[in-house]
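Residue numbers (UniProt numbering): 1 to 805. Glycine included, each C-beta is placed from N, C-alpha and C at the ideal position. Since we're looking at a predicted model, the values are computed, not measured.
The structure is reproduced here in structure tokens:
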């Protein structure tokens, strides 16, 4: 995901049990009614209120006000009274649900805590706001806003940042910006520490707060590294007296679960559980509890090993072409781990404790096979349903028994969240596991008895996908036409990757027809909210491509003209110059200025190219595709040299893997996918090899990486559908992937739909959801069918573009 909105998947699960959606409530508007002579604006989460005609600076010191669930209405009312009386612009969250979501355990840490933002006009006004609101809100509690400096002991926090929406590119994505003294726009850093820009003087009214920050208590444990972060706090590996320990941090009033329970309360539960479980083999010993500043900590014994989720990812035989002996060895080792988990759980239950959150990341496995069970923050006597739980493993009744049954399936087919969306797929999953692993007699029937699925749905039929996509349409909504990834809400539901343009494009190319009423929605939405980004998949060029194909050529040309005003140095196909240049070439516009700029980026990247992303979407395969097409249009072989240079950069990121495969190495992961791995590079290698045959040598290894059967996500860009499409286009075997799509196929509205990223909700979009799967299946049935733009175009018989570089 390239946008911050898209990373907050848990936040978009509150509004709908089937699709990712935003919370669209206004129950806090009654607390802060619109004053006479004021104007109002709304965004997804916020309600902006400011006096009519008020002039605010583009940036400055802003005041964030936090609150708890218990006092948020009281706090908001006090801020509203002050701002209305003094004519001070402010914004506030639109609903109590939005407040709960923003303060949830897995909410964005840098944005969490904020109920209200107040916009002082200058430093003197800032001092007035802090003094008056500080008095008004004395004694009120609120979580710390990690990006800010807390003022006094109350819920007021301050940071310097943007007031007006301005943007700049950073790492290939658009981020909020502020203006430096030399006029440049630079990123408005919103991390988890107070770091004002170096050119900004901190006002005198904050000097006491800065001094208090410096006087914080020295931390008693030297920290080696962070193991995990959530909005409730971190988990750290530390040392004391030469011994490794694990520190669990809890922030007051933060990391809320669905019931509003905060991280400190959950730390209380974990402390009580660990005290009761002292001496149980496989459970860490509690060492001490302490507090630094306002944060609470448990120091617990460090158990060796890595999470079971990582162990399975490293050893699972279906992620490669494994021999029967490899499969049997994995089965034996996995069963031993599962049996040990069951033994530890039984010992925990014998002490009267229910863990309440058994899932693969809370199980540790070391190289010797030793197993540990950690994270007891949901533990209790079993009478209180857990307010948090891992998708696919969570149950209100007999939570540990349910989770153990799911774990016994998950270890062999790690798709547990899919069963939350469609419990009836259990038999399909059990059959897949039984056909592939030598399991003991009665093993699978025991899982089935424990999970008691409803009758299995009808077999997956590829033709059902268009039915599901069309049934999901919401033409009455202005913010989206088809439900998809949360990223669509950052682009008004329009784009090729996550919006209406991509879905309509897929339906048409897959032979599911044109849909004039939905095309009208897209046209009206573009005119109402023109895209601000220029990219092919996340902006104006992709929408223009689809509109041009559908005959709306004047509007498409207008979008291209608008996009020309935006600047980018992103080289990629998804958001950057490669995609823009390819679309300009396709539409008959001059692509050479864009291509020349891309050459400058290619040259400047130099050795740093190895540090960036690789693959078709965001790496150098996209530029290589543009340069290849330019050669085909101009006949100038210099473009082939540029294509070879760009593609070599992505091939240099590929490392040999099992079965002769070549996969993109990204840290500890090897990636085979269309957008971020071998599959997309293979398609560009195939195109360039038509002109430079030496590149064909890489193709077998790249395609071998696309064949393994175990794929977590079904989608096109980073899942099974992309592997299927790449193999189909290259003439490789596809039956295994077509059949395995049934593992994810969820019955919907008389058809079949697929879950998006994280498998928490269904998605209909091109990048992550059902439209992308539909397009890939259509490609598998007919590899000559057009696929994604510019990937499978035949070379023209003669040059048709004059190169005037």
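- The count of Cβ pairs closer than 8 Å, one atom from the region 73-87 and one from the region 169-181, stays below three, leaving the stretches out of contact.
- Residue range 173-179 is occupied by the beta strand (DSSP E) that includes residue 178.
- Nearest in C-alpha terms to residue 292, of all of 221, 99, 352, is 221.
- The region 407-416 makes no contact with the region 365-385, as fewer than three CB pairs between them are under 8 Å.
- Counting every other CB atom within 10 Å of its CB across the protein chains shown gives residue 147 a total of 16 or more, marking it as buried.
- For residue 438, the CB contacts under 8 Å within the same chain, skipping 5 residues up- and downstream, are 327, 328, 331 in chain order.
- Sixteen is the threshold: since fewer than 16 other Cβ atoms of the shown chains lie within 10 Å of the Cβ of residue 207, the residue is exposed.
- In the DSSP assignment, residue 770 falls within the unbroken alpha helix (DSSP H) covering 770-781.
- Apart from the 5 residues on each side of it in sequence, residue 164 sits with its Cβ closer than 6 Å to the Cβ of 58 in its chain, given in chain order.
- One alpha carbon belongs to residue 188, the other to residue 351, and they sit about 51 Å apart.
- For residue 665, the enclosing beta strand (DSSP E) stretches over residues 662-666.
- Residue state for residue 356 is assigned as coil, using DSSP reduced to three classes.
- Per the DSSP secondary-structure output, residue 85 pairs with nothing in a beta bridge.
- Residue 118 and residue 733 have their C-alpha atoms spaced approximately 59 Å apart.
- In this structure, DSSP gives residue 306 an extended state, which the three-state scheme calls strand.
- Unbroken beta strand (DSSP E) stretches of 3 residues or longer found wholly inside the region 129-163: 149-151, 156-162, given in chain order.
- For residue 344, the CB contacts under 6 Å within the same chain, skipping 5 residues up- and downstream, are 282, 373 in chain order.
- Per DSSP, reduced to three states, the secondary structure at residue 44 is coil, with no helix or strand assignment.
- Inside the region 628-695, DSSP marks whole beta strand (DSSP E) runs of 3 or more residues at positions 654-656, 662-666, 669-671, from first to last along the chain.
- Residue pairing by DSSP puts residue 64 in a beta bridge opposite 117, 157.
- As the crow flies, the alpha-carbon of residue 752 is around 11 Å from that of residue 773.
- Residue 19 has 762 as its beta-bridge partners, per DSSP.
- Around the C-beta of residue 86, fewer than 16 other C-beta atoms lie within 10 Å, and the residue is accordingly described as exposed.
- Residue range 751-755 is occupied by the beta strand (DSSP E) that includes residue 751.
- Ranking 184, 587, 401, 515 by CA distance to the CA of residue 448 puts 401 first.
- In this chain, the alpha helix (DSSP H) harbouring residue 97 covers 96-102.
- Classified as exposed, residue 259 has fewer than 16 neighbouring CB atoms from the shown chains inside 10 Å of its CB.
- A Cβ-Cβ contact shorter than 9 Å links residue 154 with residue 138.
- Apart from sequence neighbours up to five positions away, the residues of its chain that approach residue 639 with a beta-carbon distance below 6 Å are 627, 630, 631, ordered along the chain.
- For residue 456, the secondary structure class from DSSP, reduced to helix, strand or coil, is coil.
- Our two residues, residue 785 and residue 565, have alpha carbons roughly 34 Å apart in a direct line.
- Residue 567 and residue 113 have their C-alpha atoms some 34 Å from each other.
- Of the candidates 546, 668, 250, 425, the residue whose Cα lies closest to the Cα of residue 229 is 250.
- The beta carbons of residue 49 and residue 115 sit about 14 Å from each other, so the pair does not count as a contact at 8 Å.
- Assignment of beta-bridge partners to residue 170 by DSSP yields 173.
- A Cβ-Cβ separation of about 22 Å leaves residue 504 out of contact with residue 461 under the 8 Å criterion.
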